[in-house]
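Student:
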Amino acid sequence: MGSDNQDKDGWPTFALLVVYVHGVYMLSFLIMPTLLLMSIISSWRYLLLPPWIAYFLWTFDRSEYRLGRPWPWLSQHAWPLQALRRYFPFTIHVPPSLAKTPDPKTGTGEADDHPPRTKKKGPYIIAIHPHGSTSDYRIICDGLLTDHIDFGFRENAESEGFPYRTLAASSLFWFPIAREGALWTGCVDAGRRTAECVLSHGLSILVVPGGQREMLMTQCGKEIIYLKKRLGFVRLAVRHGVALVPCYVFGASDTYFTCRLLEKLREWISERLKLTIPLICGAPLLMPRRIPMHMVFGDPVSPPSIERREERSEEQRVAEMHAAYVEAVQRLFDEHKGKFGYGDRQLIVL
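For the sequence shown, counting from 1, position 232 maps to 1245 in the numbering used here; every step adds exactly one.
1. In the DSSP assignment, find the alpha helix (DSSP H) that holds M1045 and state where it starts and stops.
2. Please identify the residue among P1317, M1306, R1303, M1308 whose C-alpha is closest to the C-alpha of A1256.
3. Express the C-alpha separation of L1157 and G1135 in angstroms, rounding to a whole number.
4. Could you check whether the stretch 1259–1274 touches the stretch 1287–1306, counting it as contact only if at least three pairs of C-beta atoms, one from each stretch, sit closer than 8 Å?
5. For Y1038, tell me which candidate among C1260, P1222, L1185 has the shortest Cα-Cα distance.
6. Roughly how many angstroms lie between the CA atoms of M1308 and L1180, to the nearest whole one?
7. If you draw a straight line from the C-alpha of G1194 to the C-alpha of R1252, how long is it?
8. Tell me which residues share the same chain as G1356 and place their Cβ nearer than 7 Å to its Cβ, disregarding the 5 neighbours each side in the sequence.
9. So K1241 packs on L1363, CB below 8 Å; how close in whole Å?
10. Could you say which of V1247, R1099, T1159 lies nearest to S1315 if we only look at CA atoms?
11. State the beta-bridge partners of V1220 as determined by DSSP.
12. Given that a residue counts as buried once 16 or more other Cβ atoms are within 10 Å of its Cβ, and exposed if not, what is E1348?
13. Less than 7 Å between C-beta atoms, sequence neighbours within five positions excluded: which residues of the same chain meet that for D1155?
14. May I have the straight-line CA-CA distance separating S1172 from S1056, to the nearest angstrom?
15. Hey, how far is the Cα of Y958 from the Cα of A1203?
16. Could you name the residues of the same chain whose beta carbon sits closer than 7 Å to that of L1274, not counting the 5 residues immediately before and after it, in chain order?
17. If you follow the beta strand (DSSP E) that L1257 is in, where does it begin and where does it stop?
18. Suppose the cutoff is 6 Å on Cβ atoms and the five residues either side in sequence are ignored; what does the same chain contact list for P1189 look like?
19. Looking at C-beta atoms only, is the number of pairs between the stretch 1208–1217 and the stretch 1089–1108 that lie closer than 8 Å three or more?
20. Let me check understanding here. Comparing Cα to Cα, which of P1301, L1219, L1080, I1066 lies closest to T1159?
21. Measuring CB to CB, does P1259 end up less than 8 Å from A1140?
22. What residue does the beta strand (DSSP E) around F1103 start on, and which one ends it?
23. Following the continuous beta strand (DSSP E) through D1188, name the residue where it begins and the one where it ends.
24. The alpha helix (DSSP H) with Y1090 in it runs from where to where?
25. Go ahead and pull the three-state DSSP assignment for L1062.
This is the structure we're talking about:
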């Protein structure tokens, strides 16, 4: 899906988008926690705390450990997401092995100049690289993937919203506003039990394997992914017999300028407290730079066959599939980097 009309709204829309982006950050990570603390220490706390308690009882229902609370309308039609898609612009590229059969009425679901496949083979575990400083593409692509990818989910899974869920860091669900945004756009906790729950319902999984570690490694102008020691999502694929789909987002590393100041301290906070503090600057401030982003999917990497499962231990099968997956990511990057203006860059796999 392209976004060739990104300038049609002009500066008024851009200004509103700047206010929206900064407002969400301020509300989630500064204003709401501060208001809660003030309510606790205030002499009026007996009046101020009941609304907070009611809110926590309503929203902190542990739905992030099940299938979440996706809101398809928000992902597909909400103005902020539509504006962000025009702002970058944002384009999805799907190979014929994943392409959804085009709808004769809308024409959506067609791969780039390739005939669609007819046999469903999902669900999948789709791994996206790189994380980038904020992984804005994750929110932008939500609600669009079903127009392009045949997820092959079970018929009874349709009632549960989109045919996939996105694994997100637990800390994202600690903060009001950010929590609602994550749940409404199909995010669930990144724990193993939650991932297995999603797969057991016939739904696919989206995961950014580099996670918080890769988030701190991001450098504008470089393509760095943290993958060599990331085995959890591969082990999940091996145990459940699910194919891995590599995905690379060209432009994701350049949406913000990054700073290495206090890097060791921020790594310590990330490891101990599970909170990542990126030092970034966009255009302006926390607004991402207007870099075109191309979300490119590769062909699925199949899990070991039943015969191979009986011949080799699980660790051997995980190592084998992981090696095949790393090779697939490298090949995907090399095949497409020149097409999108990144021909002079090398993929650094750590």
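Every residue gets a Cβ at the ideal spot worked out from N, C-alpha and C, and that includes glycine.
Note that the coordinates shown come from a computational prediction; the quantities given were computed from them, not determined experimentally.
Tutor: Let me lay it out:
1. Sequence index remark: in the sequence shown, residue 1045 carries index 32 (1-based). Under the DSSP assignment, M1045 falls in the alpha helix (DSSP H) whose first and last residues are 1045–1054.
2. As a position in the sequence shown, residue 1256 is number 243, starting the count at 1. When each option's Cα is compared against that of A1256, the closest is P1317.
3. Taking the sequence shown and counting its residues from 1, the one referred to as residue 1135 is at position 122. Taking the sequence shown and counting its residues from 1, the one referred to as residue 1157 is at position 144. Cα to Cα, G1135 sits roughly 17 Å from L1157.
4. Enough Cβ pairs lie closer than 8 Å, so yes.
5. Position 25 of the sequence shown, counted from the start, is the residue given in the question as residue 1038. The shortest C-alpha separation from Y1038 is found at L1185.
6. Stepping through the sequence shown from its first residue, residue 1308 is reached at position 295. Stepping through the sequence shown from its first residue, residue 1180 is reached at position 167. For M1308 and L1180, the distance between alpha carbons rounds to 18 Å.
7. Mapped onto the sequence shown, residue 1194 falls at position 181. Mapped onto the sequence shown, residue 1252 falls at position 239. Their backbone Cα atoms lie some 31 Å apart in a straight line.
8. Counting from 1 along the sequence shown, the entry for residue 1356 is found at position 343. Correct list, in chain order: K1350.
9. Within the sequence shown, the letter at position 228 stands for residue 1241. Within the sequence shown, the letter at position 350 stands for residue 1363. Approximately 6 Å separates the beta-carbon atoms of K1241 and L1363; this is inside 8 Å, confirming the contact.
10. Along the sequence shown, one-based indexing puts residue 1315 at 302. Here the closest residue by C-alpha is V1247.
11. The sequence position of residue 1220 within the sequence shown is 207, counting from 1. The secondary-structure analysis by DSSP pairs V1220 across a beta bridge with A1140.
12. As a first step, residue 1348 must be located in the sequence shown, where it is residue number 335. Around the beta carbon of E1348, fewer than 16 other beta carbons lie within 10 angstroms, which makes this residue exposed.
13. Translated into the one-based positions of the sequence shown, residue 1155 becomes position 142. So the qualifying residues of the chain are S1088, T1198, G1199.
14. For the purposes of this step, residue 1172 is taken as the residue at position 159 of the sequence shown. For the purposes of this step, residue 1056 is taken as the residue at position 43 of the sequence shown. Unreliable placement is indicated for S1172, whose pLDDT of 45 sits below 50; the coordinate value is still reported in the next sentence. Taking the straight line joining both Cα atoms gives about 47 Å.
15. The chain is shown from 1014 up to 1363; residue 958 falls before or after that span and cannot be answered.
16. As a first step, residue 1274 is located in the sequence shown; it is residue number 261 there, counting from the start. Cβ-Cβ distances below 7 Å link L1274 to L1292 in the same chain, with the five nearest sequence neighbours on each side left out; the list follows chain order.
17. Looking up residue 1257 in the sequence shown gives position 244. If you look at L1257, you'll find it in the beta strand (DSSP E) that goes 1256–1263.
18. By one-based count along the sequence shown, residue 1189 stands at place 176. Here the set comprises M1045.
19. Taking a cut-off of 8 Å for Cβ pairs, the stretch 1208–1217 and the stretch 1089–1108 do not touch, as fewer than three such pairs fall below it.
20. Translated into positions along the sequence shown, residue 1159 becomes position 146. When only C-alpha atoms are compared, the closest one is L1219.
21. The count along the sequence shown starts at 1 and reaches residue 1259 at position 246. The count along the sequence shown starts at 1 and reaches residue 1140 at position 127. Yes. Within cutoff.
22. Indexing the sequence shown from 1 puts residue 1103 at position 90. Boundaries of the beta strand (DSSP E) harbouring F1103: 1103–1106, taken from the DSSP string.
23. On the sequence shown, residue 1188 is found 175 positions in, with the first residue counted as 1. Per the sequence presented here, residue 1188 reads as Phe, with Asp not at that position. No beta strand (DSSP E) holds F1188; DSSP gives it neither H nor E.
24. In the sequence shown, residue 1090 corresponds to position 77, counting from 1. The sequence shown places His at residue 1090, rather than the Tyr named in the question. If you look at H1090, you'll find it in the alpha helix (DSSP H) that goes 1085–1090.
25. Your numbering for residue 1062 matches position 49 in the sequence shown. In the structure shown, L1062 sits in a helix (DSSP, three-state: H, G or I).
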